[in-house]
Structure formats: structure tokens, C-alpha cells
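Student: This is the structure I have questions about; it appears just below.
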Amino acid sequence: MIPAAFDYVAPASVEDALAALAEHGDDAKIIAGGQSLLPVLRMRLNAPEMIIDLGRIESLRGVRDDGDAIVIGAMTPHAVVGSDPLVAEHASLITKAVEHLADAQIRHRGTFGGALAHADPAGDLGAPALVLGAEFVIQGAGGTRRVAADDFFVDLFETAIGEDEILTEVRIPKHTGWGAHYEKFVRVAHQWPIVAVAATVRVDGGAIAEARVGLTNMGSTPLRARGVEEALVGQPATEDAVRAAAARSTEGTNPPSDLNGDADYRRHLATVVTRRAVLAAAGG
Amino acid sequence: MTATQERPADAVEKEIGRDRRRKEDQRLITGRTRWTDNITLPGMLHLAMVRSPFAHAKIVSIDTSAAKQSTNVVDVLTGADLGESLGVNINAWPITPDQVTPNHSPMPSDRVAFAGEIVAVVVARTAAEARDAAELVDVEYDELPAALDLKRSAADEVLAHPDLGTNKSAYWVFDSGEAGTGGSVEDAIAKARTDGIVLEREYRQQRLIPAFMEPRSTVVDPTGEQITMWSATQIPHILRFALAATTGVPESKIRVIAPDVGGGFGGKLQTTPEEWITWAVARRLGKPAKYTETRSESLMAGHHGRDQWQRLTLAAEKDGTVTGFKVDLLADLGAYVSLVGGGVPVLGAFMFNSIYKFPAYRFAVQTVLTNKTWTDAYRGAGRPEATYAIERMMDELAAEVGVDPLEIREKNWIKHEEFPFTTVAGLEYDSGNYEAATARAKEMLGYDELRAEQRRRRESGDPVQLGIGVSTFTEMCGLAPSRVLGQLDYGAGGWEHASVRMLATGKVEVVTGTSAHGQGHETAFSQIVADRLGVAFEDVEVLHGDTQVAPKGMDTYGSRSLVVGGEAMVRAADKVIEKAKPIAAHLLEASVDDLEFSGGRFSVRGTDQGMAIGEVALATFAAHNLPDGVEASLDSDATFDPVAFNFPHGTHLCAMEVDTETGALKMRKYVCCDDIGNIINPLIVSGQVHGGLVQGIAQALWEEAVYDDSGTLVSGSFVDYLLPTAADTISFEIDHTTSPCTTNTLGTKGVGEAGTIASTPAVVNAVVDAVRHLGINDIQMPCTPERVWRAINGAGAGGSTEGAAMPHFESGGATGNQEQPGTSSTEGAGS
Ligand SMILES: Cc1cc2nc3c(=O)[nH]c(=O)nc-3n(C[C@H](O)[C@H](O)[C@H](O)COP(=O)(O)OP(=O)(O)OC[C@H]3O[C@@H](n4cnc5c(N)ncnc54)[C@H](O)[C@@H]3O)c2cc1C
């Protein structure tokens, strides 16, 4: 598994990286943690002539508090995100999702921004980012723009990031005090989810006051289960109430069929996994 | 001589039975060792293979011109270029005289018969350059219809090799009525149809991939008196023989080295096209050449295992006493009949009756050619299939009769006082105690409490149901008595060879013809020799895996190394003692008859006179004062041919939780009590059992080689071919009862395959047991959550696995690459 030959630069700033991107255009590919890109290169599914490594750009790393949001640098490794106290306090859904993402080695190499930019519909971070209303900060030659999560995920492996742009950071509105759970259904531990559900709820006086539910691998992008969210509001966090709401988790989905399950099985799973995720989120 | 070397008998701690850490592990685990791919020779060239993306196709043309122009490419060769010098890949076990065996060229020039078959080889100065150039080889194929489905291939709907006229390779039968070892199974079934129980079931043994840790690798150095091949193989001796037999090079001109080898599980019990091509290229160019496969190539083109349909008919009396068992197998050979290929199901032929007293038995297997990767041995080879079939059927019988699965087994098994026992398959089981192993396993599991919990969960309609699976397995191992192999038309014997060399400094070199690839032979054999000769464990060096060092051997597979190779070692060591005795007597000025040997010392009975074997070795080396006519060497060889197989057995119990809402499975507890006779090193045995269990459990739950309907391997990477890791398994509880084997000196039985053979049915029985009250009596392996869920929802045991791999790594509109197997759009990704 030897990639085709390529040139390599590791610029020290986003500006230099953008300049390299502009210079090499289609022939270039950005590398973050390399956990998705390297297999592609090694299996020769792609053979870019230039690899632009963001690994030396310090400004892209780390988590910071920015008022009513926390900001996660694109190059922050999963392991750092997973153990970050700010994330745990204000966006614990992400902490939970990272916990079962791939294996420890991959969590130390793979990055928050890389995973989101890769936009694998089975990726574990898309649904949490979506339901938390993340904003994606994307920089290009013309400057910086912010894209809402709803507009970020375009299709299978396709995002709003332009060919000549770089995702620099992701802003997550604080969900302090919300209960959260990421329920991932897999056959073996190091697998991408067959189906997963990201749920975060605000419980007030024994009833669900607000709910956000997202589905992983139930379509070509992460999906918001808006029907479930609506049905949950005002309900007590009981098994029966949540079961009824969770039945709506299949609305608007278009799950794949593959070795791990057919679409109809995935639809069924979504209802069960949604119920479990919401109950767990409400319970803790 | 130092005090420790004298080791008075009473102070010597026995090595056998000690939990010795493995001597070889430091270098193996740190990687500071010699894997084949680490070997670099001056001027060495590197190979990359061009493989067919099609399961079955005519090769119309191969254009190598662009590849030849590529940087640092030395040559690009096809089957036509290499011709006769390629030799052939042989089948060593034609199971019937009329077996249909396709010619197996390492690199065919006219037609490919499976996706992954090699059509050209690129030779370059670096591995990367070879890989780059391989993309430039332009092969034009004319696709042919492919024989893929096993049952349809058996009906000759599409031919895997049109020139052969059939896909049916061999039909092999054992019938106890005909063999005189039992009655007629048809009579037994007919009788049971009128006044007893007849159970008919069909089980699927899915296709598996051995998935050893170290990918296969070969280096050939043609620049010496002997042509040397290093290979990541289990079988250096068989490899050497096959090279000589098929490439025209005299055996004496060939040296084969299996350096440290990172696992095999049967997957390296093979002579491969890659080895033959590397050999031919190195010889043609007169330079050392290396080929190391990628993981994708390994999964696609290394031989696969299992892949059978089993049609089973069990006859019993109303009370559950078994009266007959009839087994009809279809076995998928893949595209060629590999080294042992067709023989794998035959290795199971004597085991379907297992530990039960069937009065009548019939086994028949039809081996079938298809356009898939060829199959051969995979841990257990034939015996896991047999154990699965009988242990699943015993659970079915228990359900039919309405008794506990352990009760039905006890009713039918051989009682401990009945050993030695000749079975309906004609084998004599020398020892065993099924009652004792079962009692211990039940206690370890907490069988009765879990049954009570199971009842409670059923009664309350708990969404999580509990099942308990039983497997009271036995197997035959220690391959193999040569005479039996002869009767079965196998192409070689089953003996093993050992040498013991006494060095002047008191150290001991022992040479074994077995070829460890992760088992821990260096440690276990050191323990045996240390005890036998009374020398220190550290003073024993175990040498193996190089035909110059270990010129004779039959290598490692079939749980044979200890029970056959270890016995040869014992006998060689005993010869050393016999040779040392007259010399010791002479030096001690005593009569040979007055000497006794114990704890490494010859002593003169009734005196305090004596000398250590190391002292005798030094005196023999000096040869200053030897008795007349005695040669100046203690070194000894022994070749041991086992008189019988040996029969490990054990009781394995698995408790499994089934989430009926999703079909998800969660193992609660797994216990086993194995009887493998006397144990040399409990730590190594635990390792073998734990690893074996995981592999068997993985067949039950996770692993499956899936092809799409064009014959492409869909589970072509570890993203889709699901190997479990430590995170997916639980802590197993293991224990042993001991019924020493009576056919070898140490009383040992094989343990290398036991865990794998035993565990698969225990797990599936547990899954089925958990949901049997819902009307389910089978779930096809691997028992995926989807299959379990569908079974619960009334859709049967679950058909074939279909669909593509999850596409986690997309090409991103790549600057395209050549059509390569493993990279088509239906393929998974790999690392
Ligand atoms: C065996 C295995 C198992 C895995 N299991 C899981 C799992 O269970 N769940 C899960 O969610 N993920 C899983 N992953 C994927 C993992 O999360 C990767 O880390 C992630 O998909 C990619 O992150 P990366 O930093 O490695 O990105 P890279 O591989 O370096 O890049 C991925 C893609 O994103 C682009 N890119 C990267 N960073 C930027 C940026 N800042 N701006 C613009 N484009 C960018 C690259 O050009 C490339 O196309 C698994 C990976 C492997 C190998």
C-alpha cells in the first residue's frame, strides 16, 4: 500500500496554505490528521500531486471560550476535544460522540476539522455539530465566511468548503446544562456507526423543554430529526413518551444498504437508538 | 562445574508445567527481529503484481510497454514471458483417484479464474517504483461468466474452468456400514422415521479469511550454491520439496528459510503463486528479488477458509438416544485445488460423530470449483465444521426431546470408563473424561443460576433475552500417522524430526522440523529438553525454520508441533542420554549398569560419585579419554511417526444476551474446561485457548468474506472484514481437566486449534437458545444484529450477506488510476 509520489508542503500559516492551494489548484489536497486521506492515497483511489499539511499551523489548534460559544480549532485532534473541559461543560454531546469515535490511535491523529471536512455520512461528528447549531469558519483568498451547519453538509463527502478554501474553526453555541447522549450502534468497537443518534435536551420541571436530535448514517448527510424534536417538546422524559416521539425518526431519511444492514433495518434501528439516546440524554 | 549445573535431583524445579514467559517474545513484540520483509540483500529488486479485477476472463492482451518505460523499472514479465520456468502450484492431496484438478499456473497467460489472480509482475529497483509501474500495465480482458454461488456451481450452471466440463472436483465418502465400523445410516434413518426422531438441517459455513498479522512476503537470492528463498510460511520443508518438484531445480540446490513469521492460522500452509513468481524472476534476472503483499492483496489472494454447505440428518430414538448421523457437504474449493484444499473437509470426516456413540454414520463431501479465491486450511481445518454441525444438532435434538442440552449430550457421550473407545468413524480415542470437564465448566459458569435467570427473562418478556450455548467438543489432531495419510492419498508423511546437539560448554542446541510462527515453540521445547536432560531452561537454544539448520521436517499445522515434534525431541534427548551413559561410566570407572540418570546427573548407584551431563559433553568434545569404539559425539536425531491422532476435548459454555429490539448481541460469560492432557506451559496454553476462542467466536459473530455478484471481494479491507479486537471480547474463564494422552511419552494433546473448533457452536447455540422460544431454531453465521433481528421478526435464519461496503474513503475525483482490484467502486477501503 504505497501511495503514488507527491510533493509536500507544511506551511506555517493559513495564508501560506491558501497560497499553496491557489497555486496548485486541483492537483493539491489538504492533509489534516491523514486518517481518511492516507487510506485513499495508499489504495490509490486518489493521487494528488501536492499535499498541503496543516499540521504546523498552531493557530488552528485548541479550544477556546468565546462568550456564548466555544470555538474548536480545525486541527484539534479528537483526543484533545474529547478531554477538553470547555467542551465537556458547554457541548457535552461532542465529548460523548468523540468517546466512541474510531480507536485511540485514530483519535490522536484525526482532527475535528478534518472529520467534518471529510463529511462521511457515517462520521460521528456531523450529527452533533448539526444539532448544536455549529458555525463553520471557512477562510479563502477573499477572507473569512461563516457557514451554518444546516448549509455546511451538502452531500456524501461534500461540504460548503470551496476548492480553494480551508476550514479554520468551528463555533459551537454553548448548551450549558443540557443533557446529552450519543448512542452509536456498531458490530465491533472500532467501526463507523451503522446508525447513531445524537441527542441533547434541556429538561425543565420534569418535562423536556427543548430537544435536538440528529441522525448519523441515515442519509447522505447528517440529518436533523425535526419531527422527533417537535414531538418531544413538553413531554415527560418517560419511556412511553419518548418511544412515541422516536417513531418519527425515520421521517425524511434515506439510509444506505450495505454489508452491515439494509435500509429498512437501519430505519428500524433509528427508532430504537433515538429512544435510547433521548432517554439517556434526559436522564443525565 | 558450577553448583547450579549439577542440580541435585531433589532440588530441581521441573520446567514442565511452569508458566514460563516466552523466550521469543521480546524480539517478536519489539520487532527487532527478522521478518521476511526486513531482509535486504545487495542489489535486491522489488516486485509488484498486476492482478485481475475480474473473477473470470480471457486475457486478450497485455501491454507492458508504458510500465517498462517507468522510472527504475528493470523488467515487466507475464506468464508467456516466464513460461515453463514458472513451475506450477501443486495439490498435494488428491482426495479421490478421479479428482478433477485444474492446472494451476502461478501466472496464467490465457485466462484468469478469480479476481486477484496475477497476470503480470513488475520488477523495479524500489517497491514504490514497482507499484507505480504496475498501474501502467494495460491488460485487455474478455469477461467470461463466473461460477460464484456454491450450490449453483455444484449444479454446473456456469463453469469455473470451461475446459474441464464440470465444477465437481471430487466426491469423497465414508460410510460406517461399508467400512465395517458401524451400521447403515439409511436403515437408522428409516427406522427413526417410523418410531423415533429425524432432524434435518442445513447449515452454512461462511467463507473466512485467515487474516494473519504479518502479510506474506518472499525474498529469493539466486546468487549462491543453493538458491535461497525466505518466505513468511508455516511450511519451509514442504515449500522446498514443492519447489524442487515443480521448477526442475534439484532439492539439494534449494534452501528455504522461514525466519520469524507473524502468524499463519493455516493461511501460510500454502505454496503460493507469489513465491513461485519471485523465484522465477530472481532466477531469470540473476538478482535477489523481494515481494511483499499489501493487506488488500492478502485479503483478496491469500487462500480463504471454510465455505461449505452442510446438509445434516440425525436419527434418534424418542428418548434422544442417537442412532445415526448422515452428513452431506458441499465444499467450495475456489478457483484451484490448493495444496491441501480438497482434503480440508476430509479432515473433518471422522469427527462429525464427535464424542457420541452413534451406531451408524455416513459422511460425503462434494468439492466444487468456483471463480473465487482458492480455499485451504484455516485454524481447525475440517474439524470446526464438524464440531459446529454436531453441536448445533445436539442442541436441536435436546429441544426436540425437551430436555437440557447437557442432558442429551450426557445420554449419548462415551463414558470415561469406556476408554479406549473405537468410534463409528473407526478412530480409537485413547483417553478423555467428558463428565469431569462438563461438571467443572457448569460450576464455572454458574449454569443453574443462569438457567434460572433465563427463565425469569422469558417469563417477564424482557426485551433482553438470555441464552446459554453448549459445545462439548472433541477433535483429532497431531497430524498425523503417516500410514493413515497414505490411506487417505495424501502426498507426504506425518512424522517429525528433531536433533539434540550437546555443545562443549554445556549448552544445548535443539533442532526441530516444526516451524513456529507465533506459537512459542522455543519456550515449550526448551522446557521439555531442560527437564529431559536436566539442563537449565536458559541453556537450551531451539533452532528451526531453515532447511540448512533443520534439514528434515514436516512443519507446523494441525496442532502437531508439540505432540509429534515434541515427542521427536524427547526421543532425540533420550538418545543423547543413552550415548552419554557409556562415556560417563568410563569416566566414573563404573559399570554402565550401575549408573542412573536423573536431574541432569549420572550417578553411580549407592555412592556419591557422579557427573553432570554437561561434564560428559565437555569430555566427549575433548575426546581425550573415551571408551574404545565410542564416537566422539553425543548428538542425536530422532524421527517420530505418531501411531495415532490425539483427541483433546472440552466443555465450552457461553452465556449471551440478545437485545430483541435491535438484534444486538452481548456476551455475558464464556467458560471452558479443556482436557488437553499434560500441559507443558500453562501460560502458552492460555494464550492458545484465548486466541483460539476469539477466532471461533469471530466466525460466529463477525467475520465473513463477501463477494458481489460479479465476483469482487466486497469485504476486501478490515473496515468491512470485521476482525474483533480486545474491545469486542470479554475475559474468558478457562480451566483444565487432565486425561493424559496414552500415545506419546509426555501425555500431551494438541491445543492450537481447540479453542477455535469448540467455540463457534457454543456461541451460535447461545444465540439460538436465547430466542428459541420465539420459534427460532437457526441463525446463519455470522449472527449479525440484522440477521438476529430478522429472525425474531419471522424472516428465517437469514440469507446471504449482500450489499456493498461502506464507502468511507471516497476518491474525491481523483487523478484516476488504473483499474485495480480492491479499488473498484464496490470495494471497501483499507489501511
Ligand atoms: C479505521 C478508521 C476508523 C474510523 N472510525 C471512525 C468512526 O468511528 N467515526 C468517525 O467519525 N470517524 C472515524 N474515522 C475517521 C476519522 O475520524 C478521521 O480522523 C476523519 O475522518 C478525518 O480527519 P483527519 O484529520 O484525519 O483528516 P484527513 O484525513 O487529513 O482529511 C480528510 C479530508 O478532509 C480534508 N480536510 C482536512 N482538514 C481540512 C480543513 N481544515 N479544511 C479543508 N479541508 C480539510 C482533506 O483534504 C481530506 O479530503 C475512522 C478512520 C479510520 C482510519
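The listed protein sequences derive, respectively, from chains A and B.
Quick note on my numbering: the first sequence kicks off at 1 and runs consecutively.
Quick note on my numbering: the second sequence kicks off at 1001 and runs consecutively.
Beta carbons: idealized from backbone N, C-alpha and C, even for Gly.
Measuring CB atoms only, is the region 1116-1123 of chain B touching the region 1064-1077 of chain B, in the sense that at least three cross pairs come out at less than 8 angstroms?
Tutor: yes
Student: Where glutamate 183 (chain A) and glutamate 1657 (chain B) are concerned, what is the direct C-alpha to C-alpha distance, given to the nearest angstrom?
Tutor: Distance between the alpha carbons of glutamate 183 (chain A) and glutamate 1657 (chain B): 19 angstroms.
Student: Please work out which residues of its chain come closer than 8 angstroms, Cβ to Cβ, to alanine 1147 (chain B), disregarding the five sequence neighbours upstream and downstream, and give them in chain order.
Tutor: His1056, Ser1153, Glu1157, Val1158, Leu1159, Ala1160, Asn1167, Leu1369, Thr1370, Asn1371
Student: Closest to glycine 1116 (chain B) by CA distance: which of B:Phe1054, B:Val1500, B:Val1768 is it?
Tutor: B:Phe1054
Student: Rounded to the nearest angstrom, what separates glycine 1079 (chain B) and threonine 1292 (chain B) at their Cα positions?
Tutor: 20 angstroms
Student: Rounded to whole angstroms, what's the CA-CA distance from proline 1250 (chain B) to glutamate 1522 (chain B)? Just pull it up for me.
Tutor: Rounded to whole angstroms, the separation of the alpha carbons of glutamate 1522 (chain B) and proline 1250 (chain B) is 31 angstroms.
Student: Less than 9 angstroms between CB atoms is the rule here; does methionine 75 (chain A) satisfy it with respect to chain B?
Tutor: no
Student: When you compare only the Cα positions, how much space is there between aspartate 65 (chain A) and isoleucine 72 (chain A)?
Tutor: Rounded to whole angstroms, aspartate 65 (chain A) to isoleucine 72 (chain A) spans 9 angstroms at the Cα level.
Student: What are the boundary residues of the alpha helix (DSSP H) that serine 1686 (chain B) is part of?
Tutor: 1682-1701
Student: Does the beta-carbon of tyrosine 8 (chain A) have 16 or more other beta-carbons within 10 angstroms, so that it is buried, or is it exposed?
Tutor: exposed
Student: Just list the beta strand (DSSP E) runs in the region 1638-1687 of chain B, keeping only unbroken ones of 3 residues or longer that don't cross its boundaries, in chain order.
Tutor: Unbroken beta strand (DSSP E) stretches of 3 residues or longer found wholly inside the region 1638-1687 of chain B: 1649-1659, 1665-1675, given in chain order.
Student: Can you tell me whether DSSP reads valine 195 (chain A) as helix, strand or coil?
Tutor: Secondary structure of valine 195 (chain A) (DSSP, three-state): strand.
Student: Using the rule of at least 16 other Cβ atoms within 10 Å of the residue's Cβ for burial, across every protein chain shown, is glutamine 958 (chain B) buried or exposed?
Tutor: A query on residue 958 (chain B) cannot be resolved here, the shown segment of chain B reaching from 1001 to 1831 and no further.
Student: Buried or exposed: which applies to threonine 144 (chain A), given that a residue is buried once 16 or more other Cβ atoms fall within 10 Å of its Cβ?
Tutor: exposed
Student: Hey, proline 1222 (chain B) and arginine 1283 (chain B): beta-carbon distance below 9 angstroms or not?
Tutor: With respect to the 9 angstroms criterion, proline 1222 (chain B) and arginine 1283 (chain B) are classified as neighbours on the basis of their beta carbons.
Student: What residues from chain B crowd round histidine 190 (chain A), counting only those whose CB sits closer than 8 angstroms?
Tutor: Thr1725, Ala1727
Student: Apart from the five residues just before and just after methionine 1569 (chain B), which ones in its own chain have a Cβ nearer than 7 angstroms to its Cβ?
Tutor: Ala1498, Val1510, Thr1512, Phe1525, Ile1528, Val1529
Student: Compare the C-beta of methionine 1806 (chain B) with all C-beta atoms of chain A and state if any pair is closer than 9 angstroms.
Tutor: yes
Student: With 16 as the cutoff for other CB atoms within 10 Å, does arginine 1021 (chain B) come out buried or exposed?
Tutor: exposed
Student: Taking the continuous beta strand (DSSP E) assigned at leucine 1312 (chain B), which residues delimit it?
Tutor: If you look at leucine 1312 (chain B), you'll find it in the beta strand (DSSP E) that goes 1305-1317.
Student: Name the chain A residues whose beta carbon is nearer than 8 angstroms to that of alanine 1127 (chain B)?
Tutor: Ile2
Student: Below 9 angstroms between beta carbons: does that hold for alanine 1364 (chain B) and valine 1322 (chain B)?
Tutor: no
Student: DSSP has leucine 1047 (chain B) in a bridge; who is on the other side?
Tutor: Within the DSSP bridge table, the entry for leucine 1047 (chain B) names B:Val1123 as partners.
Student: With 9 angstroms as the threshold, decide whether the Cβ of alanine 5 (chain A) is near any Cβ in chain B.
Tutor: yes
Student: Who are the neighbours of proline 1785 (chain B) on chain E, taking C-beta pairs under 9 angstroms?
Tutor: Among the protein chains in the structure shown, which are A and B, there is no chain E.
Student: My output table needs one value for tyrosine 1378 (chain B): the three-state DSSP class, helix, strand or coil.
Tutor: Reduced to three states, the DSSP call for tyrosine 1378 (chain B) is coil.
Student: Can you have a look at glycine 1813 (chain B) and say buried or exposed, based on whether 16 or more other CB atoms are within 10 angstroms of its CB?
Tutor: Since pLDDT at glycine 1813 (chain B) reaches only 39, below the 50 mark, its modelled position is unreliable, and the value read off the structure follows with that caveat. Counting every other CB atom within 10 Å of its CB across the protein chains shown gives glycine 1813 (chain B) a total below 16, marking it as exposed.
Student: Hey, would you say valine 197 (chain A) sits closer than 9 angstroms to glycine 179 (chain A), going by beta carbons?
Tutor: no
Student: Report whether the distance from the Cβ of threonine 111 (chain A) to the nearest heavy atom of ligand 1 is below 8 angstroms.
Tutor: yes
Student: Select from the region 113-124 of chain A all residues with a C-beta closer than 7 angstroms to any C-beta belonging to chain B, and list them in chain order.
Tutor: Asp120, Ala122
Student: Is arginine 59 (chain A) a contact residue of ligand 1, with contact defined as CB to any heavy atom under 8 angstroms?
Tutor: For the sequence presented, residue 59 (chain A) should be read as serine rather than arginine. No, the Cβ of serine 59 (chain A) stays beyond 8 angstroms of every heavy atom of ligand 1.
Student: My assumption, with CB atoms under 8 angstroms, is that tryptophan 1309 (chain B) sits in contact with alanine 1335 (chain B). Please give the rounded CB distance.
Tutor: The pair is not a contact, with the Cβ atoms about 18 angstroms apart (cut-off 8 angstroms).
Student: Could you give the distance in angstroms between the alpha-carbon of serine 1598 (chain B) and the alpha-carbon of phenylalanine 1352 (chain B)?
Tutor: 44 angstroms
Student: Is it buried or exposed, threonine 1823 (chain B), if we count other Cβ atoms within 10 angstroms and call 16 or more buried?
Tutor: Below a pLDDT of 50, predicted positions are generally treated as unreliable, and threonine 1823 (chain B), at 32, falls in that range; the measurement from the model is reported next regardless. Label assigned to threonine 1823 (chain B): buried.
Student: In its own chain, which residues sit with a C-beta less than 6 angstroms from the C-beta of glycine 1380 (chain B), not counting the 5 before and 5 after it?
Tutor: Glu1753, Thr1756, Ile1757
Student: Run down chain A in chain order and give the residues with a C-beta less than 9 angstroms from the C-beta of serine 1598 (chain B).
Tutor: Going along chain A, no residue has its Cβ under 9 angstroms from serine 1598 (chain B), so there is no contact; the nearest lies around 53 angstroms.
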